[in-house]
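Novice: Be aware that the sequence shown starts at 294, since it is given in the working numbering, and climbs by one per residue.
A single structure is presented below for examination.
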Amino acid sequence: MPHFARRRSFWFVATATTLCAIMGGALYSRLGAQETHSETDIAPGLKLLSVSTQTIRGPLRYWLVKADKAQWNLGLEVADAGDVVKKRSVRNLAKQSGATVAINGGFFAYGGAAVGAVKVNGEWHRLPWKSRTAMGWSDKTAQVGPVSGSCELKIALQDGTGRIENAALNGFTLPGSHATLADGFAVLTRRFASKWKRKPN
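Okay, structure coming up:
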């Protein structure tokens, strides 16, 4: 009898699990059918697609921008390359730059500078922290993936010799370190800042 009772309880558990899976799948299918789409013409050849749907974990809403490549030259650039430290809203940046579409580019550090890769006209403003994901864009393709890098400082001595040292670029940590720079070299590029505090007040 104990053996039979154990098998019966397992059968009840299996039945309940199966029913939950079936009901959950039916509920998810019904909720998935409630997905809604809406399109808004932003400009000739440019549309904003809004999608609202339901997932097992809850409601989901996202937006897509669809551009006709025959009418638009697509590319990426920093909205305000002259000030990569100041904190500003996406709406404010879009208004100043005259951008038709503006997208929040990523997270920023306490001082305002980005914690992801920022490269403007071939010049590095910030190196990615902890190999963060970045987007690269060419004329025909876009690539997304983790990016890592380091800054090396070449020092020329009066006796004609030289050496290369690892340096913190634009207020960042040393390569491979998660701590702020205590000893060593730091490099500030002219368009980034004339001075920089390692820690905010």
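Where a beta carbon is used, it is the ideal one built from N, C-alpha and C, also for glycine.
What are the start and end residues of the beta strand (DSSP E) that includes V358?
Specialist: In the sequence shown, residue 358 corresponds to position 65, counting from 1. V358 -> beta strand (DSSP E) spans G351 to A360.
Novice: Distance, Cα to Cα, N463 vs D361?
Specialist: Taking the first residue of the sequence shown as position 1, residue 463 is located at position 170. Taking the first residue of the sequence shown as position 1, residue 361 is located at position 68. For N463 and D361, the distance between alpha carbons rounds to 38 Å.
Novice: Does the Cβ of F485 have 16 or more other Cβ atoms within 10 Å, making it buried, or fewer, making it exposed?
Specialist: In the sequence shown, counting from the first residue as 1, residue 485 sits at position 192. Its Cβ being crowded by 16 or more others within 10 Å, F485 is buried.
Novice: What are the boundary residues of the beta strand (DSSP E) that includes A461?
Specialist: Looking up residue 461 in the sequence shown gives position 168. Its beta strand (DSSP E) spans residues G455 to L462.
Novice: Give the single residue among Y355, W430, K488 and I349 whose Cα lies nearest to the Cα of N414.
Specialist: Counting from 1 along the sequence shown, the entry for residue 414 is found at position 121. The shortest C-alpha separation from N414 is found at W430.
Novice: Do you know offhand how far L353's Cα is from S331's?
Specialist: For the purposes of this step, residue 353 is identified with residue 60 of the sequence shown, where counting begins at 1. For the purposes of this step, residue 331 is identified with residue 38 of the sequence shown, where counting begins at 1. Answer to the nearest angstrom: the Cα atoms are 14 Å apart.
Novice: Rounded to a whole number of angstroms, what is the C-alpha to C-alpha distance between T346 and S441?
Specialist: Position 53 of the sequence shown, counting from 1, holds the residue named residue 346. Position 148 of the sequence shown, counting from 1, holds the residue named residue 441. Looking at the two C-alpha atoms, the distance is approximately 36 Å.
Novice: Any idea if R483 is buried or exposed, counting beta-carbon neighbours within 10 angstroms, 16 or more meaning buried?
Specialist: Looking up residue 483 in the sequence shown gives position 190. With fewer than 16 Cβ atoms within 10 Å of its Cβ, R483 is classed as exposed.
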